[in-house]
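Below is one structure, written out as structure tokens; the observations come after it.
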Amino acid sequence: MLGKAFFNLAMLSMWEQLQICPVRETKWIPSLSIARTTSPPVVLPTTSTVSALINTDSHSWKVDLIRHEFLPHEANLILGIPLSDRSIPDKLEMKNQGVIEDKLVLLNGESAAFRPGVLTALMGVTGAGKTTLMDVLAGRKTGGYIEGKITISGYPKKQETFARISGYCEQNDIHSPNVTVYESLLYSAWLRLSPDVDSQKRKMFVEEVMELVELKPLRQALVGLPSENGLSTEQRKRLTIAVELVANPSIIFMDEPTSGLDARAAAIVMRTVRNTVDTGRTVVCTIHQPSIDIFEAFDELFLMKNGGQEIYVGPLGRQSCHLIQYFEGIEGVSKIKDGYNPATWMLEVTSSANETALGIDFANVYRNSELYRRNKELIEQLSIPVPGSKELYFPTQYSQSYFTQFMACLWKQHWSYWRNPLYTFVRFFFTTLIALMFGTMFWKLGSKTTKQQDLFNAMGSMYASILFVGVKNCNSVQPVVSVERTVFYRERAAGMYSALSYAFAQVLIEFPYVFVQALVYGVIVYVLIGFEWTAAKFFWYIFFMYTSLLYFTFYGMMAVAATPDQDTSSTIASAFLAIWNIFSGFIIPQTRIPIWWRWYSWACPFFWTLYGLVASQFGDKKDMLDIGETVEDFVRDYFGFNHDFLGVVAIVNVAFVIK
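Going left to right, the sequence shown walks through residues -20 to -1, 1 to 639 as mature numbering (1 follows the signal peptide of the UniProt record, and there is no 0) numbers them.
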């Protein structure tokens, strides 16, 4: 039950209480070290019975990149839920939709401490709720609901605030594939560091983080897609850590950082994690079954069992001596064999089957232990807000202004498009190919306006242009948006930008590409088909082709945004495109559509584009057709396209683009 749990990130001297074996000496990285003074700390807040002890004294915490120091914004971060019932109603529970259990108990009245400069392993049997607990603490759990009170140093937590001082490394390394390692880090720092940090200092900090996580040799490497190209799994994992580290967080949550890695890659990642911890940050990792070497890299252990109960919370010691001594001191527990993995041994002896065989409840053993009492005393002491403390507060929801968010997102979108030949080059190649094919197929039909069939053929070229090129744009943009959408979810959860800023950037980047596409297509087709060469008619042709390609592209984006996956978006988009085709006004002229369906043609963007193209080219022609009426009259009477309404038609086309 999370409601009775306490996570404490503070300067606790637990090592002084267990002196059985020597502990690791902390290594301080000069470039990212913490400069402390004797100024008193100030307590600031966050959510879920989480509390933060943060020193905001300008003399205590400073940015001095000239001296190669970029200091964390917060020094001591206390995450906690008080042990007693006095501050938490009953429990903190999670409701998962579609799960058999009505409620998932994450923590059941227990407590522990996470400290700066200490690497803590969050472990437990499968299904114990490790990842769910971490997601709730980090504010990343979006499904179901959470019951209970979450505070920081006694203050209610606000996720927008907590996102500014914390980092979260997901198990799946999600990054934009068409930007470099350096650009990924610079982008994250741009959006997450304080606006007081200028561009030069920001770049210097990114360089230092790259050195810390050993990414400098890969600075110009494209990230690529997992298992396809670009970075290896281990390199992507280090990039994930670096992306969070450039935000300068006080606490970093990591979900299975070594999952799916071989021994060598896992060792490299753990060295990166260790370097991060040694800068004075708090790092909490969920981990499943670590090797001996990986387990030895951790300082402390938070061990859980099903039902949200704690089995062991405390230091590991060199070669896990504290952990081994604790469990071997329990009657009935077998001694560990020489050379055996302490993590594997620990999980075996605390398994449900072994508990039943021994008749032992390890959770009860821990609650009756001296270690538990010491933890409780320290945590209760540190749960009391420091006199004079203030609630953690940022004047704005995001680190940067909405305009800066937009510019940063546009900058990344630019590089993503520029380095994506599969999308950009193929789109232009297909456009040119279709233009040449249609131009030669409808050769010089644009100037033939004496026969009704020739007029139909010329209009057919316009109809085919909208249909083929527009639908191609709609379909080709969906995979691009789908890949970036997963990145968007991660970045928005980290509080990097608002959805509106991102959407504007994603839409705006298409304008120049689509304009060039419309211009290339329009010039080729206009010349080969032989439409009338006047400035006004050529302008209207390019204008209506441009707006149609824009709204088809944006429609593809919208389909992805409104559906759970790309396959669903393709299916739904295709269905509506087929309906648009029927109501376009070419297969069945609007004047021939039954009155009870005619309203839909007015709501069909395809119809308005065809209206504009036909009316601008033929709506004012006085040539006599072989059926005995002028082109102007035939277009108006048969199709309902009136040249006098071109201005209104243009406005409607622009409205479809904006909408």
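Glycine included, each C-beta is placed from N, C-alpha and C at the ideal position.
Are the beta-carbon atoms belonging to residue i and residue j less than 7 angstroms from one another?
| i | j | result |
| --- | --- | --- |
| Ser441 | Phe422 | yes |
| Asn453 | Phe532 | yes |
| Phe418 | Ser481 | no |
| Lys317 | Ala108 | no |
| Ser427 | Gln546 | no |
| Thr100 | Thr266 | no |
| Lys217 | Val249 | yes |
| Asn158 | Asn400 | yes |
| Ser156 | Val540 | no |
| Leu425 | Ile509 | yes |
| residue 640 | Tyr403 | A question about residue 640 goes unanswered here, because the residues of the chain that appear run from -20 up to 639. |
| Thr160 | Leu192 | no |
| Gly620 | Phe524 | no |
| Met190 | Lys183 | no |
| Val380 | Pro175 | According to the sequence provided, residue 380 is Gln. The question's Val does not apply to it. Yes, the pair counts as a contact, with Cβ atoms nearer than the cut-off. |
| Gly204 | Leu198 | no |
Could you round the C-beta distance between residue i and residue j to whole angstroms and report it? I think they count as a contact, below 8 angstroms.
| i | j | result |
| --- | --- | --- |
| Phe587 | Phe614 | Not confirmed; about 18 angstroms, so no contact. |
| Gln393 | Ala485 | 5 angstroms |
| Val500 | Ala415 | 7 angstroms |
| Asp273 | Ala245 | No, Asp273 and Ala245 are not in contact; Cβ-Cβ is about 13 angstroms, not under 8 angstroms. |
| Ala227 | Leu173 | 7 angstroms |
| Pro229 | Phe275 | Actually they do not touch by this definition, with Cβ atoms about 25 angstroms apart. |
| residue 640 | Leu447 | The structure shown does not extend to residue 640, since the chain is modelled only from -20 through 639, so no value can be given for it. |
| Ile607 | Gln432 | 5 angstroms |
What did DSSP end up calling residue i once you bin it into helix, strand or coil?
| i | result |
| --- | --- |
| Cys584 | coil |
| Glu357 | helix |
| Asp434 | helix |
| Gly294 | strand |
| Glu490 | helix |
| Tyr162 | helix |
| Thr262 | strand |
| Lys285 | strand |
| Asp235 | strand |
| Leu99 | strand |
| Thr429 | coil |
| Glu280 | strand |
| Leu171 | helix |
| Ser554 | helix |
| Ile575 | helix |
| Tyr477 | coil |
| Leu338 | helix |
| Leu195 | coil |
Output the distance between the C-alpha atoms of residue i and residue j, rounded to the nearest integer angstrom.
| i | j | result |
| --- | --- | --- |
| Lys370 | Thr262 | 21 angstroms |
| Ser300 | Glu140 | 38 angstroms |
| Phe383 | Trp398 | 22 angstroms |
| Lys356 | Leu488 | 55 angstroms |
| Pro585 | Ile504 | 24 angstroms |
| Ser146 | Arg470 | 13 angstroms |
| His623 | Val611 | 11 angstroms |
| Arg354 | Phe282 | 15 angstroms |
| Ala333 | Ile154 | 38 angstroms |
| Arg120 | Ala473 | 7 angstroms |
| Pro492 | Ile522 | 14 angstroms |
| Glu290 | Trp170 | 40 angstroms |
| Pro569 | Gly627 | 21 angstroms |
| Thr324 | Ile232 | 25 angstroms |
| Gly599 | Arg616 | 7 angstroms |
| Lys75 | Ile126 | Model confidence at Lys75 stands at a pLDDT of 45, short of 50, so the residue's coordinates are unreliable and nothing is read from them. |
| Glu208 | Glu214 | 14 angstroms |
| Leu241 | Gly312 | 36 angstroms |
| Asn437 | Val451 | 21 angstroms |
| Thr412 | Leu590 | 21 angstroms |
| Glu609 | Ala444 | 26 angstroms |
| Gln200 | Ala635 | 41 angstroms |
| Leu435 | Gly536 | 32 angstroms |
Apart from the five residues on each side of it in sequence, which residues of its chain come closer than 6 angstroms, Cβ to Cβ, to residue i?
| i | result |
| --- | --- |
| Thr106 | none |
| Ser239 | Gln151 |
| Cys149 | Thr220, Ile221, Glu224 and Met234 |
| Gly368 | none |
| Tyr549 | The sequence shown places Ser at residue 549, not Tyr. Closer than 6 angstroms at Cβ, skipping near neighbours: Gln458, Ala539, Val540 and Thr543. |
| Trp520 | Ser596 |
Give me, in chain order, the residues of the same chain whose beta-carbon lies closer than 7 angstroms to that of residue i; leave out the 5 immediate sequence neighbours on both sides.
| i | result |
| --- | --- |
| Ala243 | Ser271 |
| Leu296 | Phe278, Asp279, Glu280, Leu281, His302 and Leu303 |
| Lys639 | none |
Leaving out the 5 sequence neighbours to the left and right, which residues in its chain are closer than 8 angstroms to residue i when beta-carbon positions are compared?
| i | result |
| --- | --- |
| Arg465 | Val540 and Ala541 |
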